[in-house]
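Q: Every letter in the sequence shown is one number past the one before it in this note's numbering, and letter 233, counting from 1, is 213. Before anything else, here's the structure in question.
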Amino acid sequence: MYLYGRYTRGRELSTDRNKKLLFTDLDGTLLSTDKTVSAGNLAAVNEMVARGHKFVIATGRPLKSALMISESYGWNRDGFYISSYNGGLIYDCGSGKDIFVRGMKKEDVKYILDKAHEAGIHAHTYSRTHVVSEYDTCELNRYVKGIKMPKMVVDDIISYLTEDPIKAIVISDEGRERLNSFRESIDSFCEGRYTYTFSNPIFLEYSNINASKGMSLKIMAGLYDIPMEDTIACGDEENDLSMVQAAGVGAVMANGTDFMKKRADYVTRADNDHDAIAEVIERFIL
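The following block contains the structure:
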């Protein structure tokens, strides 16, 4: 049984004089089911930044996709940041510059994509501007439609990519069992170099072992001299776990998975369709 709306860690954040750092996932957390930011969430986010706190979108999405959302709400200014690709690239929306980048070797991404193709599973990677794949599949087309980012189907990703990609993703509508079987087949190849996470039951995502949402939270806290006890992380799925566990307060949405709720300090009363992020901001920041 979850204690919705109750903070279970047994202590509060520091006094309101201290600046806070809020990390929030996008899909299923900040965004409503219709992929918009509600008026309540928008007002709360703008108010916290106006008071000098820092707001970070932490998502598995590529930077370009997250930027389209951020800019549509006027968040291309100081106080707003994006941790994209599950922490592989941190971006300052005010300066328009990267803060942190940890990628994967092109040759290693090629290996993962080839192994997925051999297993009959779709996989792709990214450039700064496109979703990149060697195969034009229904999974690819559904994916780019969802994140509103163009695709590029190429003969060879190593020749096409001008810099090392930051993330690779493997997609199977057959779900976790099929993806786990594939993951196990390349675990020895990835060991010590790359890590994986599930952002939902059909998305298996690979990134640099030194990149995660939790690590990006620690980097941002250190960069801006914010104590870890003054950090808050909000999420709903397994790929949010590292930041939920790292933060001073780890908040999980009412619509989050049971796996995540069991590991939360705070479970919101509201879900992502009813201003859950505003609830967290009002409870722990304003």
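For every residue, glycine included, the Cβ atom is placed at its ideal position computed from N, Cα and C.
Evaluate contact between the segment 131 to 140 and the segment 169 to 178, counting only Cβ atoms and requiring at least three cross-stretch pairs below 8 Å.
A: no
Q: Apart from the five residues just before and just after S45, which ones in its own chain have a Cβ nearer than 7 Å to its Cβ?
A: I127, K128, M129
Q: Considering only DSSP beta bridges, list what S113 is partnered with.
A: V133
Q: Based on Cα-Cα distance, which residue from K85, L47, G67, L93 lies nearest to G74?
A: L47
Q: Alpha carbon to alpha carbon, what distance is there between A250 and A38?
A: 20 Å
Q: Tell me which same chain residues have a C-beta within less than 8 Å of the C-beta of Y115, skipping the five on either side of it?
A: H97, H102, V133
Q: Among R263, F264, N235, I265, which one has its Cα closest to the Cα of T9?
A: N235
Q: Taking only the alpha-carbon atoms, compute the straight-line gap between G155 and L1 and give it to the nearest angstrom.
A: 34 Å
Q: Would you mind working out which of K125, A191, K95 sits nearest V150, comparing C-alpha positions?
A: K95
Q: With 16 other CB atoms within 10 Å as the buried threshold, where does D216 fall?
A: buried
Q: Check whether the Cβ atoms of A244 and V260 lie closer than 9 Å to each other.
A: No, the pair does not count as a contact, with Cβ atoms beyond the cut-off.
Q: When you compare the segment 49 to 60 with the segment 80 to 91, are there three or more beta-carbon pairs, one atom per stretch, that lie closer than 8 Å?
A: Because the criterion of three Cβ pairs below 8 Å is not met, the segment 49 to 60 and the segment 80 to 91 do not touch.
Q: How would you label Y123, buried or exposed, when you count the other beta carbons within 10 angstroms and need 16 or more for buried?
A: buried
Q: Determine the closest residue to I79 out of S222, N219, M208, K198, with distance taken between C-alpha atoms.
A: K198
Q: Identify which residue in N219, S222, C214, N252 has its Cα closest to the Cα of F264.
A: C214
Q: Take R257 and list the residues in its own chain whose beta-carbon comes closer than 8 Å to its own, dropping the five residues that flank it on each side.
A: At residue 257 the sequence reads Ile, which differs from the Arg that was named. Cβ-Cβ distances below 8 Å link I257 to T4, T9, L10, N21, A24, V25, C214 in the same chain, with the five nearest sequence neighbours on each side left out; the list follows chain order.
Q: Would you check if the distance between the CB atom of R108 and the CB atom of L6 is smaller than 9 Å?
A: no
Q: How long is the line joining the alpha carbons of L266 and M28, rounded to whole angstroms?
A: 7 Å
Q: Please name the residue in Y53, A201, F183, E143 whose C-alpha comes closest to that of H33.
A: A201
Q: Note down the Cα distance separating A226 from M240, rounded to an integer number of angstroms.
A: 13 Å
Q: Apart from the five residues on each side of it in sequence, which residues of its chain come closer than 6 Å, Cβ to Cβ, to S222?
A: S192, K193, G194
Q: Assuming E127 is part of the alpha helix (DSSP H), what are its boundary residues?
A: Just to set this straight, residue 127 is Ile in the shown sequence, not Glu. In the DSSP annotation of this structure, the continuous segment of the alpha helix (DSSP H) that includes I127 starts and ends at 118 to 127.
Q: When burial is assigned at 16 or more other CB atoms within 10 Å of the CB, is K125 buried or exposed?
A: exposed
Q: Going by Cα to Cα distance, which pick from E262, H104, T142 is closest to R41?
A: H104
Q: Alpha carbon to alpha carbon, what distance is there between L203 and S18?
A: 30 Å
Q: If you follow the beta strand (DSSP E) that I79 is in, where does it begin and where does it stop?
A: 77 to 81
Q: Taking the continuous beta strand (DSSP E) assigned at N56, which residues delimit it?
A: Unbroken run through N56: none, as it is neither H nor E.
Q: Within 10 angstroms of its Cβ, does G230 collect 16 or more other Cβ (buried), or is it exposed?
A: buried
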